[in-house]
Amino acid sequence: MTHSTAHKNSSQNCAISTAIVTRDLAALRKIAVSPGGFRSRKARIQSWHVLLGLDRPDSSLAANDSVDGSPAKTCNKKILPHVHPSYTDTKTDLVNAVSLDTQRQVALDTARSFVQFTTTTKPIKQQPLDESIPRSSLDSANDGQVIAPTQTKSISYWSQATVDRNRAAIKDVILRVLQEYPCLNYYQGYHDIASVIHMLYKSRPQSSKVLSRMTILHLLDFMEPTMTTSTTYTFLIHLLLKKVDHDLYIALKPCGDVGTTRQRSNSSSHIVGMYALSWIITAFTHDLDRVDAALRVMDGLVAYGTCFLVYIAAAFLHFGRNDIIGKFGSNHHHYDMHQADDDEVMPRLHTYLTSGVVNSEMVDHVLVDAGKMLKATPIADLIHQHKQSSSIETLTHLHDACGFRFDQHMQMYLTDKQHSDLHLQAIFCDVCAIEEFKARCKRLAVMARRKKQWNATRRWVMRRRYPIGMTVASILVVAMAVVIQYWKPSILPRLHLRWLW
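With the UniProt record's numbering applied, the sequence shown has no gaps in its numbers, which climb one by one up to 501 at the end.
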């Protein structure tokens with residue numbers, strides 16, 4: 001390491017420490033998307049606590065609470081008032097609070113946790129993006145049988161006992177968050193986010209508290225009864241690409257066109273940007289194969305909110321634009337997208353995007369690029385474009401969604417020179433967020449019922465009663481022509497209805 005590099009690292013570490021001490025949210029947001037990010041595990045935990053509002057005096061988790069990596073030795077209501085029973089208590093309360101179906105699904109998902117972090121077929125560098133975060137934050141002694149990698153290179157060698165222990169911890173953490181907020185709907189992929197958080201904190205009480213706050217601030221849009229809002233975020237990816245990289249957007253048109261007036265919603269394959277759904281709802285933790293890379297993406301989520309995942313997805317696609325355009329673009333000699341059927345090309349493109357775009361090696365560069373995209377096209381502008389889209393009839397508005405709400409309140413706080421605590425209270429008010437979430441779910445449920453009733457009525461008229469409907473329509477047309485001919489005969493020739501006579 002050269003003297004200039006050491007001096008640069010020292011100055012960056014000093015800037016991070018200063019931002020943490022002064023609770024400078026604007027500075028921490030910039031650091032989160034700068035090369036190297038928060039750089040150390042201790043700085044990341046402290047920064048997350050500031051950005052999540054967990055360092056405030058009324059919070060149950062202080063910013064410097066157990067940042068040395070050691071699990072918390074005690075868990076009592078004085079330290080963690082929002083974590084309900086002690087983690088050493090029986091789990092009868094969890095059984096009563098969370099439905100059996102949800103418990104079974106959580107058990108199935110957590111049984112598959114850490115798979116993407118234990119083996120990989122991709123080559124990995126000797127140094128991770130964040131040198132302070134090992135590729136496994138849960139390495140332990142050789143207790144039990146060691147899980148052997150399926151390839152010559154793997155990210156870590158974890159004992160089976162370590163994996164089982166942490167899977168049980170993640171399951172417990174998830175169930176306690178669902179117990180605390182029964183209105184939330186668990187979804188597959190939530191366990192991936194919980195896994196990364198627990199790998200950072202290595203403590204059930206702290207992991208539960210951080211996951212709870214992160215859920216309320218950034219993940220509510222994915223915990224609605226339906227996936228309508230989640231698929232709206234994938235729509236925003238194509239909307240953003242249409243503005244920042246039109247050639248790439250054209251190549252991705254088989255996966256959805258934001259300019260169409262009506263989407264074919266009868267199949268998930270026709271949802272705009274369906275390939276990116278797992279990226280968005282898991283914050284890329286399901287697709288990245290390195291812990292440090294997953295944590296870097298989580299830095300962006302914690303700093304900028306749910307909508308920033310759209311910019312990260314666009315940045316990943318932008319970095320792979322040459323391959324995407326070369327394989328599927330309109331100028332490629334194998335496929336001419338102006339002539340080929342989208343339904344034929346889309347499965348090939350979808351497979352390529354889900355397996356060949358997200359790469360742990362480029363995460364640091366992707367976050368920097370995503371930050372530039374955000375500066376050029378703010379979230380508010382993107383939401384406004386979405387609202388003006390001609391496809392809006394098939395989508396839900398985001399004006400009251402969790403992601404846009406967080407961005408609005410954060411912008412109000414940052415633009416206020418006095419940095420009023422009222423804005424911070426609005427950002428970190430769990431009760432307010434939950435109440436708004438419930439109201440939004442009710443509104444979406446009403447919209448869904450109305451749409452279902454309308455579709456049923458339309459099917460009844462157009463399919464089961466098609467002859468009757470056509471007869472009635474014909475009678476109305478003839479009656480209208482007669483009336484027009486009676487009152488203003490000169491209009492009839494211009495209406496080309498002379499054939500009726």
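Virtual Cβ for every residue (Gly too), placed ideally from N, Cα, C.
- For Pro-182, no alpha helix (DSSP H) segment is defined, and its DSSP state is neither H nor E.
- Following the DSSP letters along the chain, one finds Thr-226 in no alpha helix (DSSP H), marked with neither H nor E.
- Under the three-state reduction of DSSP output, Thr-18 falls in the helix class.
- Straight-line measurement puts the Cα of Ile-31 at about 13 Å from the Cα of Asp-369.
- In the structure shown, the three-state DSSP call for Gln-411 is helix.
- Per the coordinates, the alpha-carbon of Leu-25 lies some 12 Å from the alpha-carbon of His-409.
- When secondary structure is reduced to three states using DSSP, Ala-401 falls in the coil class, being assigned neither helix nor strand.
- By the criterion of at least three beta-carbon pairs nearer than 8 Å, the region 280-292 is in contact with the region 355-364.
- Between Met-274 and Gln-188, the alpha-carbon positions lie close to 15 Å from each other.
- One Cα belongs to Ala-294, the other to Ala-27, and the distance between them is close to 21 Å.
- For Asp-430, the uninterrupted alpha helix (DSSP H) segment begins and ends at 430-459.
- Secondary structure at Lys-375: helix, using DSSP grouped into helix, strand and coil.
- Under the criterion of beta carbons closer than 8 Å, Val-272 and His-238 qualify as touching, at roughly 5 Å.
- Bounds of the alpha helix (DSSP H) holding Tyr-311 are 308-319.
- With respect to the 8 Å criterion, Trp-48 and Val-302 are classified as neighbours on the basis of their beta carbons.
- Distance from the Cα of Asp-381 is smallest, within the candidate group Ser-420, Tyr-311, His-419, His-350, for Tyr-311.
- At a Cβ-Cβ threshold of 8 Å, His-318 and Asp-245 count as neighbours.
- Rounded to the nearest angstrom, the Cβ distance from Thr-377 to Leu-240 is 6 Å, consistent with a contact under 8 Å.
- Just so you know, the alpha carbons of Asp-364 and Thr-102 end up roughly 35 Å apart.
- Proximity of the region 198-209 to the region 41-56 meets the contact definition, three or more beta-carbon pairs being nearer than 8 Å.
- Here the region 413-420 does not lie against the region 438-447, with fewer than 3 beta-carbon pairs under 8 Å apart.
- Distances from the CA of His-397 to each of Lys-387, Arg-204, Leu-217 were compared; the closest alpha carbon is that of Lys-387.
- A residue is called buried when at least 16 other Cβ atoms come within 10 angstroms of its Cβ; Tyr-486 does not meet this threshold and is exposed.
- For Phe-38, the secondary structure class from DSSP, reduced to helix, strand or coil, is coil.
- In this structure, His-191 is the residue among Val-50, Leu-51, His-191, Gln-179 with its C-alpha nearest to the C-alpha of Thr-110.
- One thing to note: Arg-176 has its Cβ within 8 Å of the Cβ of Ser-208.
- For Ala-314, the closest C-alpha among the options Ile-325, Asp-407, Thr-234, Arg-204 is that of Thr-234.
- Taking C-beta atoms as the reference points, Lys-171 and Ala-97 fail to come closer than 8 Å.
- Relative to Gly-329, the option among Tyr-249, Leu-220, Gly-305 whose CA is nearest is Tyr-249.
- In the structure shown, Gln-46 adopts helical secondary structure according to DSSP, grouped into three states.
- Note on Val-483: under 16 other CB atoms within 10 angstroms of its CB, so exposed under the neighbour-count rule.
- Straight-line spacing of the CA atoms in Gln-46 and Gln-206 works out to 13 Å.
- In the structure shown, Gly-356 adopts helical secondary structure according to DSSP, grouped into three states.
- When only Cα atoms are considered, Tyr-304 and Ser-278 end up about 19 Å apart.
- In this chain, the alpha helix (DSSP H) harbouring Lys-30 covers 25-32.
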